[in-house]
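Asks:
In the numbering used here, the protein residues as written are 58 to 715.
Okay, here's the thing in structure tokens:
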């Protein structure tokens with residue numbers, strides 16, 4: 058282990074942590090043989106075990122032992138996107154680091170199950186390009202067996218070893234090191250069955266005086282009620298986010314609070330501290346989240362809101378696309394588990410999928426995909442955009458490399474004039490004045506599901522939402538939704554706007570246009586809207602039924618006090634104090650002020666104002682004054698009322714009568 062002076066308290070913590078390493082002598086001997094080149098040409102070794110078996114701790118120990126003799130490179134795959142391009146770029150940096158070093162390489166890869174879909178990429182495109190002097194130690198919950206079976210040659214270069222539980226003697230030693238009294242060590246070691254994380258948590262319980270519930274499966278510490286109350290916000294964030302940075306922690310609890318919280322977190326067996334970041338053990342993510350929700354719900358709501366606003370501020374500061382994309386992908390995790398959040402916003406497809414650029418051999422699969430769900434006429438349009446905007450096409454693949462879904466983006470600024478002739482969507486956009494700073498998602502399709510709910514579609518939708526926020530300089534980001542039900546949760550909850558005047562048709566398919574207007578509202582403002590909605594569900598639940606029709610009725614009765622008081626909206630907001638007509642009008646005015654002021658002139662807020670808030674006569678006359686046909690006016694006004702209904706729900710955080 059390195060003996061250089063520590064630069065930070067975190068260095069001292071890691072040093073103390075490594076000194077406290079217990080057991081795993083056989084595993085360390087295996088690594089020693091690998092690093093010393095004594096294992097018959099073997100270059101890759103994986104350790105496999107269930108959660109809490111100490112795989113990450115083992116890699117920590119290996120890194121400490123060989124830091125003076127090897128060039129240590131550490132990858133935690135839970136922190137890296139399942140993206141082939143990103144993985145290849147990261148690997149090129151790894152190769153450069155190895156070339157610049159005079160020492161042999163030791164590449165440590167943790168959480169291999171997170172990149173299970175990329176297994177073939179690692180074996181076919183990464184591992185084979187490593188210098189022969191480099192060795193790889195991997196850790197995960199399942200063995201990397203598929204690729205080894207595909208090519209028996211890998212069986213000579215890769216060995217897989219299952220981690221065993223700690224022996225009784227090692228368990229007693231761990232409990233002694235954790236400060237457990239001598240009289241309790243043997244009994245506690247027997248109860249925990251040699252499970253390292255259970256042993257560490259049991260020792261924490263016992264030192265705090267809590268009754269032990271230790272078993273062979275790790276359990277939430279019995280003293281967690283008091284613990285969760287003390288650091289509810291940090292632990293809530295840890296349970297929601299893959300990593301909790303010191304900067305985010307300060308943004309949520311303040312600098313002084315961050316110091317105290319960090320000190321507490323570093324003592325918890327199920328929390329890992331790496332530099333300025335914290336991560337919770339996957340086994341404890343859901344139990345901690347449920348515990349914080351039960352014990353400190355207000356603190357968790359506050360943590361969610363402050364965390365989202367921190368990400369929104371970070372998005373405003375970020376300049377590069379990759380940095381903005383990382384923020385846009387991460388922040389929805391703070392909405393995880395909320396009843397009001399669209400499932401697709403945070404429900405990703407999981408480790409079985411990965412993102413990739415399209416290849417020439419994907420053409421047949423992509424054509425079949427579009428033809429199956431949209432027909433021959435749409436296929437002609439899709440082929441045109443694929444040829445004209447190849448960089449705008451991204452595919453999501455299954456583990457075997459087959460196309461599972463596709464997204465096709467088109468920048469209207471760059472689309473050739475002929476695109477308007479081939480694609481009614483582009484023609485409608487240009488006719489409506491949407492010709493500059495517009496990015497439109499022309500294809501969102503899953504091979505198995507179309508646009509129905511499912512893991513692939515969730516992956517596609519989440520990525521398309523992140524893309525909208527990550528692209529700087531856009532005026533509009535629009536989505537051509539073939540299946541209206543796919544966009545319905547987003548529209549109902551105010552995460553998307555409706556652009557009814559841009560709807561179009563190709564063949565027998567009707568396409569609904571939804572998206573974002575980044576005029577008065579920046580991308581980060583849409584994130585802040587989500588933050589404002591947290592905690593408003595109880596009030597919104599009282600406003601049930603067909604919300605647009607309830608709002609439309611109130612608008613039609615806007616100037617009639619007596620009838621307005623008999624409306625369904627008035628009945629919904631009634632509380633201990635009977636609301637007045639001004640209360641109802643104030644609710645509508647507040648929602649109106651929050652409507653996105655984007656799209657073609659006259660804008661949706663202007664239509665509401667002209668048709669309902671002002672006394673201007675019949676709709677035919679209003680349409681004529683606005684320069685619209687009566688049919689166009691009615692269609693756009695209906696969409697404006699739907700947009701206002703969304704904002705009524707968002708604005709109704711406090712009932713006027715309460």
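Here a beta-carbon is modelled for each residue, glycine too, at the ideal position from N, C-alpha and C. All of these numbers come straight from a predicted model, not from anything done at the bench.
Just tell me which of 692, 660, 502 and 648 has its CA closest to the CA of residue 612.
Replies: For residue 612, the nearest C-alpha among the options comes from 648.
Asks: Using the Cα positions of residue 274 and residue 318, report the straight-line distance between them to the nearest angstrom.
Replies: Note on residue 274: pLDDT 45, under 50, position unreliable in the model; no value is reported.
Asks: Which word fits residue 565, buried or exposed, when buried means at least 16 other C-beta atoms lie within 10 angstroms of its C-beta?
Replies: exposed
Asks: Please state whether DSSP places residue 671 in a helix, a strand or coil.
Replies: coil
Asks: Buried or exposed, going by whether 16 or more other CB atoms sit within 10 Å of the CB of residue 376?
Replies: exposed
Asks: Excluding the 5 residues preceding and the 5 following residue 455 in the sequence, name in chain order all residues of the same chain whose CB lies nearer than 6 Å to its CB.
Replies: Once the five neighbours on either side are set aside, the close Cβ partners of residue 455 are 461.
Asks: If we call anything under 9 Å between Cβ atoms a contact, is residue 192 one with residue 162?
Replies: yes
Asks: Check the C-beta distance from residue 661 over to residue 700 and give it rounded, since I have them as a contact under 8 Å.
Replies: About 5 Å; that satisfies the 8 Å criterion.
Asks: Between the C-alpha atoms of residue 594 and residue 294, what's the straight-line distance to the nearest angstrom?
Replies: Residue confidence is low: residue 594 scores 46 on pLDDT, short of 50, so the model does not pin down where it sits. Its coordinate-derived value is still stated next. Between residue 594 and residue 294, the C-alpha separation is close to 20 Å.
Asks: Compare the C-alpha of residue 412 against each of 698, 424, 453 and 525 and name the closest.
Replies: 453
Asks: Check residue 455 in the structure and name its three-state DSSP category.
Replies: It is a strand residue.
Asks: For residue 420, is the classification buried or exposed, using 16 other Cβ atoms within 10 angstroms of its Cβ as the cut-off for buried?
Replies: exposed
Asks: On a CA-only basis, which of 126, 211, 114 and 644 is nearest residue 133? Give me that one, please.
Replies: 114
Asks: Looking at C-beta atoms only, is the number of pairs between the stretch 213-220 and the stretch 120-138 that lie closer than 8 Å three or more?
Replies: No contact exists between the stretch 213-220 and the stretch 120-138.
Asks: Would you call the stretch 143-156 and the stretch 101-112 touching, i.e. three or more CB-CB distances under 8 Å?
Replies: no
Asks: What separation, rounded to the nearest whole angstrom, lies between the Cα atoms of residue 697 and residue 665?
Replies: 7 Å
Asks: May I have the straight-line CA-CA distance separating residue 645 from residue 364, to the nearest angstrom?
Replies: 29 Å
Asks: So residue 250 and residue 222 are supposed to be a Cβ contact under 8 Å. How far apart are they, rounded?
Replies: 6 Å between Cβ atoms; contact.
Asks: Between residue 676 and residue 561, what straight-line distance do the alpha-carbon atoms span, to the nearest angstrom?
Replies: 25 Å
Asks: On the CB-based measure, 16 or more other CB atoms within 10 Å of its CB, does residue 243 come out buried or exposed?
Replies: Exposed, since its Cβ has fewer than 16 Cβ neighbours within 10 Å.
Asks: Around the C-beta of residue 351, are 16 or more other C-beta atoms found within 10 angstroms, so that it is buried, or is it exposed?
Replies: exposed
Asks: Express the C-alpha separation of residue 290 and residue 497 in angstroms, rounding to a whole number.
Replies: 38 Å
Asks: May I have the straight-line CA-CA distance separating residue 622 from residue 638, to the nearest angstrom?
Replies: If I take the Cα positions, the gap works out to 6 Å.
Asks: Report the rounded CA-to-CA distance for residue 705 versus residue 643, giving the unit in angstroms.
Replies: 10 Å
Asks: Excluding sequence positions up to five away, which residues of its chain have a Cβ less than 8 Å from the Cβ of residue 449?
Replies: 442, 465, 466, 467 and 468
Asks: So residue 451 and residue 480 are supposed to be a Cβ contact under 8 Å. How far apart are they, rounded?
Replies: At roughly 19 Å, the Cβ-Cβ gap does not stay under 8 Å, so residue 451 and residue 480 are not in contact.
Asks: Taking contact to mean 3 or more Cβ pairs, one atom from each stretch, closer than 8 Å, check whether the stretch 226-245 and the stretch 97-104 are in contact.
Replies: no
Asks: Any contact of the stretch 334-348 with the stretch 297-316, i.e. 3+ C-beta pairs under 8 Å?
Replies: yes
Asks: Identify which residue in 444, 314 and 685 has its Cα closest to the Cα of residue 659.
Replies: Taking only the C-alpha atoms, the option nearest residue 659 is 685.
Asks: If you drop the 5 nearest sequence neighbours on each side, which residues of the same chain put their C-beta closer than 7 Å to that of residue 315?
Replies: 303, 306 and 307
Asks: Do residue 254 and residue 327 come within 9 Å of each other at the CB atom, strictly closer than that value?
Replies: Yes, they are a contact pair.
Asks: Can you tell me where the alpha helix (DSSP H) holding residue 610 begins and where it ends?
Replies: 604-613
Asks: Buried or exposed: where does residue 573 fall if 16 or more other Cβ atoms within 10 Å of its Cβ makes it buried?
Replies: With a 10 Å radius around the Cβ and a threshold of 16 neighbouring Cβ atoms, residue 573 comes out buried.
Asks: If you compare alpha carbons, which of 504, 173, 492 and 558 is closest to residue 429?
Replies: 504
Asks: Can you check the stretch 456-498 for any alpha helix (DSSP H) of at least 4 residues that lies completely inside it and give the ranges in chain order?
Replies: Runs of the alpha helix (DSSP H) lying entirely within the stretch 456-498 and spanning at least 4 residues, in chain order: 475-479 and 481-488.
Asks: Less than 9 Å between CB atoms is the rule here; does residue 174 satisfy it with respect to chain B?
Replies: Of the protein chains in this structure there is only one, and it is not chain B.
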